[in-house]
Amino acid sequence: MAEGILDETSDLLLVYSEHANVEDHFLIIDQKAEKYKKHIVALWKLRNNFAPISRLPAELLCKIFHFSSQDTTRGPLHWIKVSHVCHAWRNIAINYPSLWTNLPLRNVRWMQEMLSRSKMASLTVDANFSSPYPSQRPPIEVVSSVLCHLSRIRDLSLVGIDVTVMKKFLPHFHQPAPALETLCLHVTPPRRFPLDLDNCEIPETLLSESDRLRRLDVSGCQINWYSRSWKSLTVLKIHNTSPTSKPTATQLWDALKRMSNLQYLDLDDFASTAGDFLEHREKISLAHLRKLKISSSTAGVQMFFQGVSFPSTVNVYTECKATPASGADFTGVLSAITSSFLPSAQSSKMNIHTLEVSGPTPTFKGLRFATYLKSNTASKCEENDSLVPDFELLLGGPTVKAEHDNILMDVCAAISLGELVRLLLKQNTLFKSRTLVQAFGSLPRLMYVHVDGLIAEEFASALQEVRPNRPNHDSKSHLPGLYFASLRSLSMSNVHFDAGLSPDALYDCLESRSKRGAEMQKLKLEQCHRIPEDGVGLLEEIVDVDWDGLELGYEDLYSDYDPYCESDYSLW
1 MAEGILDETS DLLLVYSEHA NVEDHFLIID QKAEKYKKHI VALWKLRNNF
51 APISRLPAEL LCKIFHFSSQ DTTRGPLHWI KVSHVCHAWR NIAINYPSLW
101 TNLPLRNVRW MQEMLSRSKM ASLTVDANFS SPYPSQRPPI EVVSSVLCHL
151 SRIRDLSLVG IDVTVMKKFL PHFHQPAPAL ETLCLHVTPP RRFPLDLDNC
201 EIPETLLSES DRLRRLDVSG CQINWYSRSW KSLTVLKIHN TSPTSKPTAT
251 QLWDALKRMS NLQYLDLDDF ASTAGDFLEH REKISLAHLR KLKISSSTAG
301 VQMFFQGVSF PSTVNVYTEC KATPASGADF TGVLSAITSS FLPSAQSSKM
351 NIHTLEVSGP TPTFKGLRFA TYLKSNTASK CEENDSLVPD FELLLGGPTV
401 KAEHDNILMD VCAAISLGEL VRLLLKQNTL FKSRTLVQAF GSLPRLMYVH
451 VDGLIAEEFA SALQEVRPNR PNHDSKSHLP GLYFASLRSL SMSNVHFDAG
501 LSPDALYDCL ESRSKRGAEM QKLKLEQCHR IPEDGVGLLE EIVDVDWDGL
551 ELGYEDLYSD YDPYCESDYS LW
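Structure, rendered in structure tokens:
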């Protein structure tokens with residue numbers, strides 16, 4: 001082939017020597033170059049056909065392309081490079097409509113192209129308006145034009161959307177959406193007129209004709225509680241419902257009855273009133289439920305748990321907000337929660353391995369109780385805060401602060417702590433030592449306790465309390481028993497060792513317990529203040545100490561003094 005190209009080149013030169021028209025020679029040479037260029041491309045295509053990856057079936061390549069399109073870490077359109085590898089891959093990608101269904105709303109040109117390439121495949125529309133930067137928000141006109149294809153949309157998400165913008169989209173919802181499987185609408189209320197959310201009502205036409213709807217996530221919108229779309233739902237999340245749009249107890253229960261396949265339920269401040277709830281109603285069994293999140297007033301939470309039952313495997317998060325009328329009495333709520341587990345599951349649900357108690361935080365004024373049932377998970381819960389508890393209960397309100405001790409006793413009475421092995425008393429928990437003794441002192445399996453902050457002093461006092469002698473107890477031959485008899489490991493963090501709890505006082509406490517047969521085997525100190533190295537050495541005489549080596553809380557009085565600074569030797 002090379003010799004042929006050289007011969008033709010020699011012929012062209014000979015022609016050039018006989019004819020002097022340059023333009024004609026350019027045209028002849030360009031035609032020859034294009035001929036051989038096409039031939040070379042054909043050879044490369046033939047070579048690629050023998051590569052192992054080119055022998056993969058088109059169906060398998062389509063799956064690979066689909067998985068690649070799901071990775072948006074490098075941008076929503078980065079995956080399109082797979083169509084630039086070779087002609088075969090490009091043809092397969094372009095003729096695979098499902099590959100082009102996730103519309104890039106901020107790229108108008110590509111959005112239009114993907115609408116065309118997706119043909120009649122179901123679409124995914126994800127519009128996030130929450131960014132403070134206009135360039136990071138999709139154009140309203142583009143989203144509106146996409147909503148004209150509502151009959152093709154499978155997954156629709158409009159998040160961080162303003163009320164005024166939402167009203168522009170509502171007319172598009174007055175049409176059936178037979179392909180819709182996921183609907184997520186998060187409307188942000190206006191600051192000056194928060195009740196304007198009443199005007200954002202999802203048209204019943206959208207929901208009633210969506211027989212495939214599985215996931216409904218609504219915030220700041222009105223919905224029709226009598227919609228027949230409830231029966232197909234597996235996920236329901238409703239937040240920020242306006243006061244006039246909250247369902248009555250009857251409406252809520254009638255809707256829950258139709259959700260036989262529900263797996264995830266998240267309701268926030270959901271009930272307008274519990275007055276029409278009848279306690280003799282038969283409980284609704286949510287047999288397929290996996291996760292439950294409930295946040296409401298004391299009356300609302302109690303009403304909900306009195307009317308439902310679910311398996312022990314359900315992950316439960318409950319936030320109960322006390323009102324001035326209900327006060328800090330949560331006994332009714334606790335009773336309703338424990339009775340909501342299916343009878344066959346109550347015993348297993350209450351076999352708590354780890355209990356974590358937290359005090360007030362800037363975002364929640366109350367107490368938080370978290371339980372972990374599985375020992376292999378619970379043993380790491382204080383090291384990894386991202387682990388999700390099996391059961392989480394938040395009890396808060398304006399009158400809760402003064403009732404922390406009573407609330408702790410009520411919670412411990414409502415749940416079974418007989419199998420408790422680990423107790424975590426975390427930030428801002430302030431209980432009296434006597435309360436700690438009554439709540440946890442007699443637990444037979446409690447082997448590990450973690451205390452954080454001020455609660456350490458009260459817990460140290462609880463460790464020194466002595467059980468009263470039993471009637472048949474021979475005090476001459478035996479020392480009086482102690483509470484927390486099985487405790488063998490103690491962890492302290494953010495503790496200030498001052499006059500209230502000094503290293504010497506802690507040493508005396510541990511030594512006294514050791515003499516009474518309740519020897520502490522492990523002591524862990526982290527981020528503790530005003531405990532010097534010699535104080536740690538003293539504790540090591542009585543217990544195995546794991547110390548982080550930080551001596552915090554000591555100020556160097558001469559840290560700012562520089563004997564060579566001119567200002568200290570200035571002349572007067």
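In full-length UniProt numbering, the protein residues as written are 1 to 572. Beta carbons are placed, not taken as given, at the ideal position from N, Cα and C, and that holds for glycine. Keep in mind the model is a prediction, meaning the values are calculated, not measured.
So what's residue i in DSSP terms, helix, strand or just coil?
| i | result |
| --- | --- |
| Asp508 | helix |
| Ala127 | strand |
| Gln427 | coil |
| Ser347 | In this prediction, Ser347 scores a pLDDT of 48, lower than 50, which makes its location untrustworthy; the coordinate-derived value is nonetheless stated afterwards. DSSP places Ser347 in helix when its eight states are reduced to three. |
| Ile415 | coil |
| Cys200 | coil |
| Glu181 | coil |
| residue 588 | Residue numbering for the chain in the displayed model covers 1 to 572; residue 588 lies beyond these limits and cannot be assessed. |
| Arg434 | helix |
| Val159 | strand |
| Val449 | strand |
| Val545 | strand |
| Phe310 | strand |
| Thr361 | strand |
| Val85 | coil |
| Thr205 | helix |
| Gln527 | coil |
| Ser122 | coil |
| Gln222 | strand |
| His239 | strand |
| Met114 | helix |
| residue 618 | No answer is possible for residue 618: the residues shown for the chain start at 1 and end at 572. |
| Phe459 | helix |
| Glu356 | strand |
| Gln521 | coil |
| Val466 | strand |
| Ser502 | coil |
Taking the DSSP output, what are the residues bridged to residue i?
| i | result |
| --- | --- |
| Gly396 | Lys321, Gly366 |
| Leu292 | Leu265, Val316 |
| Tyr554 | BP columns for Tyr554 are empty, so no partner. |
| His186 | Ser219 |
| Ile284 | Val308 |
| Arg422 | Thr354, Tyr448 |
Distance check for residue j and residue i, CA to CA, integer angstroms please.
| i | j | result |
| --- | --- | --- |
| Pro190 | Ser358 | 34 Å |
| Asp217 | Leu156 | 10 Å |
| Glu419 | His404 | 24 Å |
| Ile161 | Thr241 | 15 Å |
| Trp100 | Ser69 | 9 Å |
| Glu319 | Leu423 | 21 Å |
| Ile202 | Leu236 | 15 Å |
| Ser541 | Pro468 | Checking the displayed sequence, the identity of residue 541 turns out to be Glu instead of Ser. Cα to Cα, Glu541 sits roughly 29 Å from Pro468. |
| Asp268 | Cys509 | 46 Å |
| Phe169 | Val146 | 10 Å |
| Leu373 | Glu356 | 12 Å |
| His39 | Leu103 | 38 Å |
| Lys349 | Asp390 | With a pLDDT of 48 at Lys349, under the threshold of 50, the modelled position of that residue is not reliable, and no figure is offered here. |
| Leu289 | Gln222 | 24 Å |
| His174 | Val143 | 16 Å |
| Leu27 | Gly75 | 44 Å |
| Ser297 | Gly332 | 12 Å |
| Gln302 | Val451 | 31 Å |
For residue i versus residue j, is the C-beta distance shorter than 8 Å?
| i | j | result |
| --- | --- | --- |
| Leu525 | Met492 | yes |
| Asp544 | Gln521 | yes |
| Val551 | Glu533 | Note that residue 551 corresponds to Glu in the displayed sequence, not to Val. Yes, these two residues count as a Cβ contact at 8 Å. |
| Glu209 | Ala255 | no |
| Tyr317 | Glu204 | no |
| Ser312 | Phe330 | no |
| Cys200 | Val159 | no |
| Leu180 | Arg228 | no |
| Phe310 | Ile337 | no |
| Leu395 | Gly366 | yes |
| Asn315 | Val388 | yes |
| Lys293 | Gly397 | no |
| Leu262 | Leu286 | yes |
| Leu506 | Leu539 | yes |
Distance cutoff 8 Å, beta carbons only. Does residue i sit that close to anything in chain D?
| i | result |
| --- | --- |
| Leu262 | Of the protein chains in the structure, only one exists, and it is not chain D. |
Under 8 Å by Cβ, that's how I've got residue i and residue j pegged, so tell me the actual separation to the nearest angstrom.
| i | j | result |
| --- | --- | --- |
| Glu458 | Ser433 | 4 Å |
| Leu408 | Thr371 | Incorrect: roughly 14 Å between the Cβ atoms, too far for contact. |
Are there any heavy atoms of the ligand FAD lying less than 7 Å away from the beta-carbon of residue i, as far as the coordinates show?
| i | result |
| --- | --- |
| Lys522 | This structure does not include the ligand FAD; it has no bound ligands of any sort. |
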